[in-house]
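Here's the structure, in structure tokens; my notes come after.
Protein chains: 8
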Amino acid sequence: MTTEGIAELDHDRASRRGYPEAVYCAGKTPAQLAAIAAEVRDRGTPTLFTRVEPGQVEAVLAELPQAGYHEDARLIAWPPEPPAPTGGLVAVLAAGTSDLPVAREAALTATHLGRACELVVDVGVAGLHRVLNRLDLLRRARVVVVVAGMDGALPSVVAGLVSAPVVAVPTSVGYGASFGGLAALLAMLNACAPGVAVVNIDNGYGAGHLAAQISAP
Amino acid sequence: MTTEGIAELDHDRASRRGYPEAVYCAGKTPAQLAAIAAEVRDRGTPTLFTRVEPGQVEAVLAELPQAGYHEDARLIAWPPEPPAPTGGLVAVLAAGTSDLPVAREAALTATHLGRACELVVDVGVAGLHRVLNRLDLLRRARVVVVVAGMDGALPSVVAGLVSAPVVAVPTSVGYGASFGGLAALLAMLNACAPGVAVVNIDNGYGAGHLAAQISAP
Amino acid sequence: MTTEGIAELDHDRASRRGYPEAVYCAGKTPAQLAAIAAEVRDRGTPTLFTRVEPGQVEAVLAELPQAGYHEDARLIAWPPEPPAPTGGLVAVLAAGTSDLPVAREAALTATHLGRACELVVDVGVAGLHRVLNRLDLLRRARVVVVVAGMDGALPSVVAGLVSAPVVAVPTSVGYGASFGGLAALLAMLNACAPGVAVVNIDNGYGAGHLAAQISAP
Amino acid sequence: MTTEGIAELDHDRASRRGYPEAVYCAGKTPAQLAAIAAEVRDRGTPTLFTRVEPGQVEAVLAELPQAGYHEDARLIAWPPEPPAPTGGLVAVLAAGTSDLPVAREAALTATHLGRACELVVDVGVAGLHRVLNRLDLLRRARVVVVVAGMDGALPSVVAGLVSAPVVAVPTSVGYGASFGGLAALLAMLNACAPGVAVVNIDNGYGAGHLAAQISAP
Amino acid sequence: MTTEGIAELDHDRASRRGYPEAVYCAGKTPAQLAAIAAEVRDRGTPTLFTRVEPGQVEAVLAELPQAGYHEDARLIAWPPEPPAPTGGLVAVLAAGTSDLPVAREAALTATHLGRACELVVDVGVAGLHRVLNRLDLLRRARVVVVVAGMDGALPSVVAGLVSAPVVAVPTSVGYGASFGGLAALLAMLNACAPGVAVVNIDNGYGAGHLAAQISAP
Amino acid sequence: MTTEGIAELDHDRASRRGYPEAVYCAGKTPAQLAAIAAEVRDRGTPTLFTRVEPGQVEAVLAELPQAGYHEDARLIAWPPEPPAPTGGLVAVLAAGTSDLPVAREAALTATHLGRACELVVDVGVAGLHRVLNRLDLLRRARVVVVVAGMDGALPSVVAGLVSAPVVAVPTSVGYGASFGGLAALLAMLNACAPGVAVVNIDNGYGAGHLAAQISAP
Amino acid sequence: MTTEGIAELDHDRASRRGYPEAVYCAGKTPAQLAAIAAEVRDRGTPTLFTRVEPGQVEAVLAELPQAGYHEDARLIAWPPEPPAPTGGLVAVLAAGTSDLPVAREAALTATHLGRACELVVDVGVAGLHRVLNRLDLLRRARVVVVVAGMDGALPSVVAGLVSAPVVAVPTSVGYGASFGGLAALLAMLNACAPGVAVVNIDNGYGAGHLAAQISAP
Amino acid sequence: MTTEGIAELDHDRASRRGYPEAVYCAGKTPAQLAAIAAEVRDRGTPTLFTRVEPGQVEAVLAELPQAGYHEDARLIAWPPEPPAPTGGLVAVLAAGTSDLPVAREAALTATHLGRACELVVDVGVAGLHRVLNRLDLLRRARVVVVVAGMDGALPSVVAGLVSAPVVAVPTSVGYGASFGGLAALLAMLNACAPGVAVVNIDNGYGAGHLAAQISAP
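Protein chains in written order, with my numbering: chain A, 167 to 383; chain B, 167 to 383; chain C, 167 to 383; chain D, 167 to 383; chain E, 167 to 383; chain F, 167 to 383; chain G, 167 to 383; chain H, 167 to 383.
As structure tokens, this is what we get:
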């Protein structure tokens, strides 16, 4: 089976944009993913498989047995080892433990795009001292990725404390009126401090990619 | 002209609920308001006229010339002098200058319902030191009213710092994706710190009333 | 396993805010919850585990076997016994039987935060006599928590009857156009009687916490 | 000028449906309305002009000088005198004074469709005694039209008290989170008492028409 | 087990409103339903159990073995036989086969509230001849219940053809942009023909109840 | 003044796509429109100016005095005379008189793109006979443009009667719950008859353009 | 079992509209589908069964064993062979592999309605060269169907490149803020190039049908 | 008059975050702005006044007569001369002329924060050649700001062509279903190419600020 009729991979994306190809797995059949993985293997294109679901993992790993699978982040990276880091530091903050999978997806993505990355968890604004305790890290970073659900308030607070840009990722964590992350998304778009770049709900991959571009050498 | 056929005032509300009557002026004609004001005067019921628009003010003041008109808060209070304060302290915080009219409506309402009240302005989370500078006031208060538009992040931060309940008032201040205060409203409902009581968008009257009840003796 | 890298518990929250720590379980893995429960046990911090799902209960109880698990309210309380009650009475009203799990979560939370609490069920506005029959309880309470889905009309009716503040909790109970509790939420935010404090949809924990703060001694 | 190319009046609607023609004026030019009014006059078709704006009134009255113009209800009725009433009684309740224009449009429409009609104002659920004082009227009616903005709670309460159907009209009266009447609309659709028929926001005409059909002999 | 603490049945609803009690089953546990069914049996109150899910049926039928269970309509009626019909005819139209469960719930409810009822299926506006073929039935009815998903266009067409009121029930049937019935709901609220009474999405019970009230003798 | 820095007209659009250039006037200053009109005149590119507001008309006509201004459709056409018609017939239906401006914009656009066009008004589904009276026209057309607000039901009915494709244009005409045309838009997207192509709310230009493409020779 | 009481098939739709009947399977029971399939077989009406779910397939195939089942497109076609193609070419573009099921449903529908059809996959705007590589096909087509989720940007780009009309199908593919296809739907309705006809989310059948009508001989 | 009680300026923001103070003028009275402007003058803090409305301009310029007022961008800059540029190049693209005011606000902000900036207009995706003609500029930039209304498709296309991050600004330009910029906002959040940072609707200031941070030396 080949990818003909199901996908047209963008193998020269690395040269055109400077970053690996990414395959968004949601909605693809295992057979389609196997064909894509085989082509990735044959062409040698560095690739991230994002949003991998349990039933899809085997199909990819069968073709790319050395690939690195990160279950919590739902990510498969090939090759498994990230390149040596260049550019500025990426700091990733998760407001709560429930935001951790998305934060890990962001951190892994930035790492595989060639950045040094530090991840800190459980620094919600309900306990400001936890944020303030991290000021040193925040001010060393070239870009700060902030992952938060519920009220989405953390990016505003962080952006007010640093001069680096903040990449804000709303998550779908929360009670009913979070409406699947809408509340956090709107809060982040309305951040009262300038310097907040918003990406899609639960889109750790997009946040990590953007952070890597911002902190590029 | 009488109020027959246009309104049925709740003169015993004071005895039943313990607080003055309120007349919501939006959508009422000047003639209707004049009739209501005349009845208020004749019955001697303490009353707040809320959301008064310029064309309505004269109609009310013609019948109640001693009433106190607060233009920025769009409020007319009768009698103009609030009662002597009892109960706990009400602190009112406005995140930005643009939130001031709503914050003043809240503070005036709480004052006319018999509470001591302190109002502080421009303490948005983008400058955390401004919030932290007010910790003494925040911790003296029996209830804190927080008025904020845009990201609505301030109530979460305040609620994390005090043990008193926080009454959060979203305002319609902000860029397009605030959607008339929806963003701040949702953020406040999703506050990551417990202890946040949310009222309607721009509803300073409701916030002041609720705060007065919470801090009742 | 420790909580390092997955959570940073706020053990001094009791001293800072005066109430127990809470762990929001949704989205956390059993392993993460086990680590958190172990730390709670070791540090002796009174803690409520909220929104516990069946697959998570064992992980927590394995570390805290004496903890009190309330299945309908999806709550684990540690220690299992609430403190002796102080402050004012908290009345909790559930509009219908389907609202009972959220109402129980609110009542348990208020109890574990140190308040006396009475819970009444099935007092919807479609049978006003049921509400009016409870006037004595309603007027004895320092704060009334009202839990309702569908039209969310009960808080308006109750707030018109008492001088105490009302904490309104919308639930996701209802036909299609309740939109997961949005209808009740909006109705409560627009309550025509002042004195209604709204919290998030199905957020019994938040309502109980707020009620405990309002009725604090 | 004729109506050719701008409107095709439904003169036999009276025979087909049994009720007068209605002309929705919003968005029509004065010239178009004049042509329509002239045709109404020439054909003698009983007609209601709804949602008339100030700049349109003269155009209609110039052709139909005897027509009855009701400014608050934004309605022009021709002929001005309603038919002698038949069928059951229509009770119209307005929750607040600000809902009065819509309630009057409903009452006038029902009257011009041939029903006896009684209008009561300011019976919001925040003062239940006002509703209960009207029980006699409510139980005499064949149908009750309830007009309410804000929380839209009144139809639920009324429907729980009577065996007649309730026609609920949400109005756009309220603070920001009423979202132009959406809150009241959703509450009414989710009324916890059965027997509530909902019409469009501020649509007094539609409510009066429906009530007249329900109470037809 | 009794209903104490879980429900307060409204046994005199029949005398107060003239119709049987209804128990909304969604969100109730089998044990709660069993207790309610036992009380219904002991008190002899005619009752409809609506929105019954498979796991709940046995609990009810164990206490009320003679009750009539209608699987497609998710309804249990007790007693199983409806009363002899009085009042006017109720016509129920389902736009498509997929709308049939809701239409059957409406028809069964009206029947158990004492009305004669005729049900017609698959009369969508895409085949107008199917509607026009039913004109005789439509014009004999005292009220027409129209059940439709997707574009919700059928009530407008029917209301334009008859002088009786139309009860419109939107269903959640349709492609993505039906948004769970929102599209049909809005269309029905905006029906261009007057005389359309809208109820909640998929709420066949509410439609049948309203129709029975409208066509009461 | 030139268009440099404010617009880059697409003069070869005629050759690339086969249709005239269009200038969307909303949000442009009179000075900008004058510069654009001057360039249109100098280059001789056939152009439609859409959504022209009163204050903008003079600026365009000063540079293109021969242009044809259609006030109700808010359209300026240059050259004023449409080309000789080719291709199939375009039928345009307006459900109500209030939908006429949008319908005229559609008809004028199709005409200036080279099609024969017939416009019929006031054929709403509330009076089906008006639609059925036009069956001959509808079945002669190569494409039918249907313009409707409120319930947006007309496209479903028309699409069920003809084999030609239907271009549906929702308008913002209607009561509150039309939400600016959203109700009609959703209804049209959910049309129960296949063959309905939906364009933006009030977008007569887009509908006319699409119809001209569909009926191209 | 017959279709009486569950469906009224439109067997003369072929003569009236010129295209086969379609049966929307969502929400129908296997027994209902079996009865419909039997009637289709007996009457010999060409029919498409759309949105078939796994549990429904056997019921249809038991009655129509020769029918063609396309699992990925969730479509059963009877007769299985499409008619010989007439009219213009239909090009179908899928922006990504995840959009393929909807694209196949569109292509199969157009084919069974008698058109020649070419399907191209993975031509998203993030790699413009993939679109530009297909210019030859795009300009040969009489109509282009564009299937895209996420940002829904492809129809705008394609419409700017061709003179044929574009049928745009939003899909529910994407991260949280796609809101089930709403983002793509709105983008397509707001396409900055004219000539874009939008259908419902994931509605490949509707798109294929519309394309077949547009490209009819 | 002083700013006491109306605003608390953040004069050390420059030192803390490295960029000038900004005053959001919407909702402030001329008197408040005058007091703020006077304090700015007295303290010498570089400041941008954003969203200035006509009635506010004089109040600011009276205190800061040398300030630079940019009417189209609704911006007042003090001091009027930007600092000498450092860091990377900022490219600003406006999809249409109607997006120009927001694009100018972005460009001016970036310039006053110390960046070199180039602005290009009318490069919508409906004419891809206009985008492709600018590839040289796009690839020289350290960050690209893309301002677009309607379908919001341009950021996806640009992000697919460059390796620099893209700051996407949705504007409220468009027909009804743009819903005040919501359509463009959602499209940008769902951009199918990674590397897109979204800011609030019409928020040129925020975009320019973010771009300046990203391209900082």
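Idealized CB from N, CA, C, for every residue including glycine.
In the three-state scheme derived from DSSP, where H, G and I count as helix and E and B as strand, Leu279 of chain F is classed as coil. Among the residues of chain H, those whose CB is under 7 Å from the CB of Ala343 of chain B are Leu351, Asn366, Ile367, following chain order.
For Tyr371 of chain H, the enclosing alpha helix (DSSP H) stretches over residues 370–380.
At a Cβ-Cβ threshold of 8 Å, Ala349 of chain C and Asp302 of chain C do not count as neighbours.
Nearest in C-alpha terms to Leu279 of chain A, of all of H:Leu199, H:Val218, H:Pro360, H:Gly262, is H:Pro360. Contact of Gly372 of chain E with chain D is assigned, a C-beta pair being separated by under 8 Å. For the options F:Glu229, F:Thr213, F:Tyr235, the alpha carbon positioned closest to that of Ala204 of chain F is the one of F:Glu229. Taking a C-beta distance under 8 Å as the contact criterion, Ala363 of chain H and Val332 of chain H qualify as a contact pair. At least 8 Å separates the beta-carbon of Gly234 of chain F from that of Ala261 of chain F. Rounded to whole angstroms, the Cβ separation of Leu285 of chain D and Ala269 of chain D is 6 Å, and the two are in contact under 8 Å. With 16 or more other Cβ atoms inside 10 Å of its own Cβ, Pro248 of chain C counts as buried. The beta carbon of Asn366 of chain E lies closer than 7 Å to those of Gly372 in the same chain, with the five residues before and after it left out. Between Gly210 of chain C and chain B, the shortest Cβ-Cβ separation is not below 8 Å. For Gly374 of chain F, the number of other beta carbons within 10 angstroms of its own is at least 16, and it is reported as buried. Among the CB atoms of chain C, none fall inside 8 Å of the CB of Leu304 of chain A. Short of 8 Å from the beta carbon of Gly346 of chain B, and not among the five residues preceding or following it, lie these beta carbons of its own chain, in chain order: Ser338, Ile367.
C-alpha of Tyr185 of chain A to C-alpha of Arg308 of chain G: approximately 38 Å in a straight line. Put simply, the backbone Cα of Ala173 of chain G is about 12 Å away from that of Thr195 of chain G.
Taking a contact as a CB-CB distance under 8 Å, the pair Leu320 of chain H and Val312 of chain H counts as one, their CB atoms being some 5 Å apart.
Neighbours of Ile380 of chain F in chain G, taken as residues whose beta carbon is under 7 Å from its own, are Pro331, Ile380 in chain order. Against chain E, the beta carbon of Gly184 of chain D has neighbours under 9 Å at Ser329, listed in chain order.
By a beta-carbon distance limit of 8 Å, Pro251 of chain G contacts Ala282 of chain G. Their separation comes to about 4 Å. Shown here, Gly234 of chain G sits in a strand according to DSSP, grouped into three states.
If you check each beta-carbon in the segment 290–323 of chain G against every beta-carbon of chain H, the ones closer than 7 Å belong to Gly290, Val291, Ala292, Gly293, Leu294, Met316, Asp317, Gly318, Ala319, Ser322, Val323. Taking C-beta separations shorter than 7 Å and ignoring five residues to either side along the sequence, the partners of Val328 of chain F in its chain run Leu304, Arg305, Val310, following chain order. Per DSSP, reduced to three states, the secondary structure at Ile367 of chain B is coil, with no helix or strand assignment.
Annotated as distal: Thr216 of chain F and Val206 of chain F, with beta-carbon spacing of 8 Å or more.
When CB distances to chain F are screened at a threshold of 7 Å, the residues of the segment 263–276 of chain H falling below it are Thr263, Ser264, Leu266, in chain order.
Sequence-distant Cβ neighbours of Ala382 of chain B in its own chain, meaning closer than 7 Å and more than five residues away, are Gly253. By the criterion of a C-beta distance shorter than 8 Å, Arg296 of chain A is surrounded in its chain by Asp288, Val289, Gly290, once the five residues flanking it on both sides are discounted. For Ala314 of chain F, the enclosing beta strand (DSSP E) stretches over residues 309–314. Taking a Cβ-Cβ threshold of 7 Å, none of the residues of chain A is close to Leu214 of chain B; the smallest such distance is about 30 Å. In this structure Ala192 of chain E is in contact with Ser264 of chain C, their Cβ atoms being roughly 6 Å apart against a cut-off of 8 Å.
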